[in-house]
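Residue numbers (the working numbering), protein chains in the order written: chain A, 9 to 81; chain B, 62 to 675.
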């Protein structure tokens, strides 16, 4: 599954983030492969907003559909 | 020790003074600390070779230097490069950590510790931590990091004295032991630990200046550091706490389209009332017409008139219609300064409140088709105030193609606040129908231009990936300080451009070149656009200042359709001289010339087509 398929309120684990720079930036924001995040909001055909603790990130749809995730228990 | 980028030299730090550097993520309150620690005498300068502003001030016997907010030290963009160079040369680092976001912020803290610099951590916004029910074990944090940690609430001046005291105890902290072997394998002779670490992390610039090849360890080091940051955060945060309810709700309203769009429209309307009506009309009416034109203008003309006969070239150059001592200061101080101050005030409020990133999220989808991501909304919004300033902010966009697209859209389609006032005055009597045609035409050009550039320009645009900071009420003092420093920097940049423009136009006028241009352009005006010959003057004035062009149409008797065509041409027409100068400065002569001629072609093409359709 990719991040753009996630439903609002759903918890997922990040499996793979493409692109070295994007990955490095995400790690600095606090999100890396293996992180469990919650989908806070999904704008129609637009960005996905995820949260991890108090941290919130907005991710463009084009990037979200390249981020592999799996359902977190 | 070899220094490739000698900070003491580039920043002119007096010998013997230690540099104490403030470092932290964006929006953690660094500038509040800076003001609290140093008081009034702050030196703001551009970091050599960049446009990033650096604040520094005397701090006891040392010097305190502020750095741009960054999530980590590397060279992803200009601001990071500046922060990197300053941090690498710090004698002591004060790392400001946003306590509610401790997990995110510890990445930078650990990176600075890994760099081997003496650190003190200020754990800021402890009031928010307490209010939310979150709990942080400060002593444990100090123990795990191996550096002094001082809990603070900078805006309430809490913990500042303790922080000053703790500076003497700044220590190297506990670095990741795994790094030692890697650092040693690099052969660290003549290279500082900080530089060595960045080389390992693949920083090409730092590697190049030491004659080393950039390391391939970034991913490993970053992941280890992220895990360690998370572990430390998990250990010291003993209760997670909850965000404020109103805060979450408001944040939701701002990003969901159904509520976000009305919120945006309301916001734009308030901005229009403040900048477009209050500043552009009431304040400018006072500063430009009364203070600068009547009082200053008459004074300077009569003063120069005592020494120079009227009508001579020198008199024209100094105090003529476009004089260096008349037009330049009158526009700069009377018109531009109030608009710039008003705009930076609004921008600072938006920045400090956390609204901008949410707005960027809201509009991301709409901008994707134009080859931009949501962040580009910031220059576009600014453009409605002043295209010149907005062009400067295109720097924050992620790739060169995005910067080009945004600059073109700004230069061609976005009317600035001065122009908007005149346009509104001309179009209002024509009724809603004409207004709708005007708006639709400009919007169509905006979308078409963006779409075409997106197809034509090589490369790929970056995707939106931004941190959404919590919504916070902006601090008055912080907003005022920001507005002051940014306005001052803008004026310093604009003043020489204005003087130059004054000279240029006076020469054109005096030599009769202006008249010649009017003659050359008139066939285009009359036969293609169907406007009276005199409209040419308005266009030529429009090159100098966009609202002049629109104002020039006031004096003509025009049919409604002619007015509309005239306004469309004036809007799409070349940006004012100040904007062109800034575009050339930002994008270079080649792109600048393309944009300039391109906007001329588009303006007359669209205007002519519209004249035939109506």
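Each residue gets a CB set at the ideal place from its N, CA and C atoms; glycine is no exception.
This structure is a prediction, so every number in the text was calculated from the model and none was measured.
Item to check | the segment 440 to 456 of chain B touching the segment 467 to 487 of chain B, judged by at least three CB pairs closer than 8 Å | outcome: With a cut-off of 8 Å, the segment 467 to 487 of chain B and the segment 440 to 456 of chain B count as touching, because enough Cβ pairs lie within range.
Checklist entry - When you check each C-beta in the segment 416 to 433 of chain B against every C-beta of chain A, which residues fall closer than 9 Å? => result 418, 419, 421, 422, 423, 424, 425, 426, 427 and 429
Item to check | 7 Å Cβ cut-off: residues of chain A touching residue 161 of chain B | outcome: On the second chain, position 100 is the one that residue 161 of chain B refers to. Correct list: 62.
Checklist entry - If you draw a straight line from the C-alpha of residue 74 of chain A to the C-alpha of residue 22 of chain A, how long is it? => result Sequence index remark: in the first chain, residue 74 of chain A carries index 66 (1-based). Sequence index remark: in the first chain, residue 22 of chain A carries index 14 (1-based). Near 11 Å, if we compare the C-alpha coordinates of residue 22 of chain A and residue 74 of chain A.
Checklist entry - Going along chain B in order, which residues have a C-beta closer than 7 Å to the C-beta of residue 76 of chain A? => result As a working note, residue 76 of chain A is residue 68 in the first chain. In chain order: nothing, as chain B lies at least about 15 Å away.
Checklist entry - What in chain A is Cβ-close to residue 168 of chain B, meaning under 9 Å? => result Working through the second chain from its first residue, we reach residue 168 of chain B at position 107. In chain order: 35, 36, 37 and 38.
Checklist entry - From this set, B:476, B:659, B:454 and B:527, which residue's C-alpha is nearest residue 677 of chain B's C-alpha? => result Look at the range of chain B in this structure, 62 to 675, and you will see that residue 677 of chain B is not part of it.
Next on the checklist: Can you give me the C-alpha to C-alpha distance between residue 417 of chain B and residue 411 of chain B, rounded to a whole angstrom?
Outcome noted: Locating residue 417 of chain B in the second chain gives position 356, counting from the first residue. Locating residue 411 of chain B in the second chain gives position 350, counting from the first residue. Using only the alpha carbons, I get a separation of about 6 Å.
Checklist entry - Hey, is residue 69 of chain A's beta-carbon within less than 8 Å of any beta-carbon in chain B? => result Residue numbering aside, residue 69 of chain A sits at position 61 when the first chain is read from its first letter. Yes, residue 69 of chain A counts as interfacial toward chain B.
Checklist entry - Where does residue 360 of chain B land, buried or exposed, given buried means 16+ other C-beta within 10 angstroms? => result In the second chain, the residue the question calls residue 360 of chain B occupies position 299. Classified as exposed, residue 360 of chain B has fewer than 16 neighbouring CB atoms from the shown chains inside 10 Å of its CB.
Next on the checklist: I want to verify the contact list: residues of chain A whose CB lies under 7 Å from the CB of residue 528 of chain B, in sequence order.
Outcome noted: The residue given as residue 528 of chain B occupies position 467 in the second chain. The answer, in chain order, is 37 and 65.
Checklist entry - On the three-state DSSP scale, how would you describe residue 548 of chain B? => result For the purposes of this step, residue 548 of chain B is taken as residue 487 along the second chain, with counting starting at 1. DSSP places residue 548 of chain B in helix when its eight states are reduced to three.
Checklist entry - Shorter than 8 Å from the beta carbon of residue 584 of chain B to some beta carbon of chain A? => result Locating residue 584 of chain B in the second chain gives position 523, counting from the first residue. Not an interface residue.
Next on the checklist: Does residue 306 of chain B pass the burial test, meaning 16 or more other C-beta atoms within 10 Å, or should it be called exposed?
Outcome noted: The sequence position of residue 306 of chain B within the second chain is 245, counting from 1. Residue 306 of chain B comes out exposed.
Item to check | Simplified DSSP assignment, three categories, for residue 94 of chain A | outcome: Because chain A is modelled from 9 through 81, residue 94 of chain A falls outside the range shown and cannot be assessed.
Checklist entry - How about residue 21 of chain A: is its C-beta nearer than 8 Å to some C-beta of chain B? => result Here residue 21 of chain A is taken as the residue at index 13 of the first chain, counted from 1. Taking 8 Å as the threshold, the shortest C-beta distance from residue 21 of chain A to chain B does not fall below it.
Next on the checklist: Classify residue 63 of chain B: buried if its beta carbon has 16 or more other beta carbons within 10 angstroms, exposed otherwise.
Outcome noted: Stepping through the second chain from its first residue, residue 63 of chain B is reached at position 2. A caution first: residue 63 of chain B carries a pLDDT of 42, below 50, which makes its placement in the model unreliable, though a value can still be read off. By the 10 Å Cβ count, residue 63 of chain B comes out exposed.
Checklist entry - Tell me, which residues are paired with residue 66 of chain A by DSSP? => result In the first chain, the residue the question calls residue 66 of chain A occupies position 58. A:57 and B:527, per the DSSP bridge assignment.
Item to check | DSSP bridge partner residues for residue 184 of chain B (one or two, in chain order) | outcome: Walking along the second chain from the start, residue 184 of chain B turns up at place 123. Beta-bridge pairing links residue 184 of chain B to B:158 and B:212.
Checklist entry - Measuring CA to CA, which of B:415, B:193, B:423 and B:296 is closest to residue 67 of chain A? => result Walking along the first chain from the start, residue 67 of chain A turns up at place 59. Considering only alpha carbons, the answer is B:423.
Next on the checklist: For a cutoff of 8 Å on Cβ pairs, would you count residue 29 of chain A as touching chain B?
Outcome noted: The sequence position of residue 29 of chain A within the first chain is 21, counting from 1. Yes, contact with chain B.
Next on the checklist: Tell me which residue opens and which closes the beta strand (DSSP E) that residue 114 of chain B is part of.
Outcome noted: Position 53 of the second chain, counted from the start, is the residue given in the question as residue 114 of chain B. Residues 114 to 120.
Checklist entry - What residues in the segment 282 to 305 of chain B bring their beta carbon closer than 9 Å to a beta carbon of chain A? => result 283, 284, 286, 287, 288, 290, 291, 294, 298, 301, 302 and 304
Item to check | residue 471 of chain B (DSSP reduced to helix, strand or coil) | outcome: Position 410 of the second chain holds residue 471 of chain B. Reduced to three states, the DSSP call for residue 471 of chain B is helix.
Item to check | Top-ranked residue by Cα proximity to residue 65 of chain A, from A:34, A:42, A:29 and A:17 | outcome: As a working note, residue 65 of chain A is residue 57 in the first chain. Closest in alpha carbon position to residue 65 of chain A, among A:34, A:42, A:29 and A:17, is A:34.
Next on the checklist: I'd like to know if the segment 337 to 353 of chain B and the segment 510 to 521 of chain B are in contact, where contact means that at least 3 CB-CB pairs between them fall below 8 Å.
Outcome noted: By the Cβ rule, the segment 337 to 353 of chain B does not count as touching the segment 510 to 521 of chain B, because fewer than three pairs are nearer than 8 Å.
Checklist entry - Which first and last residues belong to the alpha helix (DSSP H) in which residue 166 of chain B is found? => result Along the second chain, read from residue 1 onward, the residue named residue 166 of chain B stands at position 105. Where residue 166 of chain B is concerned, the enclosing alpha helix (DSSP H) stretches over 163 to 175.
Checklist entry - Applying the criterion that 16 or more other CB atoms from any shown protein chain within 10 Å of the CB defines a buried residue, is residue 187 of chain B buried or exposed? => result Here the question's residue 187 of chain B lines up with position 126 in the second chain. Residue 187 of chain B is buried by the Cβ-count criterion.
Checklist entry - Contact between the segment 634 to 650 of chain B and the segment 443 to 463 of chain B: three or more CB pairs below 8 Å? => result Output reads yes: the segment 443 to 463 of chain B touches the segment 634 to 650 of chain B.
Next on the checklist: Please report the straight-line C-alpha distance between residue 482 of chain B and residue 638 of chain B, rounded to a whole angstrom.
Outcome noted: For this step, residue 482 of chain B is matched to residue 421 along the second chain. For this step, residue 638 of chain B is matched to residue 577 along the second chain. Cα to Cα, residue 482 of chain B sits roughly 19 Å from residue 638 of chain B.
Next on the checklist: Taking 8 Å as the threshold (beta carbon to beta carbon), is residue 328 of chain B in contact with chain A?
Outcome noted: Translated into positions along the second chain, residue 328 of chain B becomes position 267. So, not an interface residue.
Checklist entry - Can the beta-carbon of residue 587 of chain B be found less than 8 Å from the beta-carbon of residue 633 of chain B? => result One-based indexing of the second chain puts residue 587 of chain B at position 526. One-based indexing of the second chain puts residue 633 of chain B at position 572. In this structure, residue 633 of chain B does not lie closer than 8 Å to residue 587 of chain B by Cβ.
Next on the checklist: Relative to the C-alpha of residue 46 of chain A, which candidate in A:79, A:11, A:18 and A:62 has its C-alpha closest?
Outcome noted: For this step, residue 46 of chain A is matched to residue 38 along the first chain. Closest by alpha carbon: A:18.
Next on the checklist: Give me the residue from B:164, B:154 and B:407 with the minimum Cα distance to residue 548 of chain B.
Outcome noted: For the purposes of this step, residue 548 of chain B is identified with residue 487 of the second chain, where counting begins at 1. Closest by alpha carbon: B:407.
Checklist entry - What are the boundary residues of the alpha helix (DSSP H) that residue 737 of chain B is part of? => result Nothing about residue 737 of chain B can be reported from this structure: the residues present for chain B run from 62 to 675 only.
Next on the checklist: Strictly under 8 Å for the Cβ-Cβ distance: is residue 52 of chain A near chain B by that measure?
Outcome noted: Start at 1 with the first residue of the first chain, and residue 52 of chain A comes out as number 44. Yes, residue 52 of chain A counts as interfacial toward chain B.
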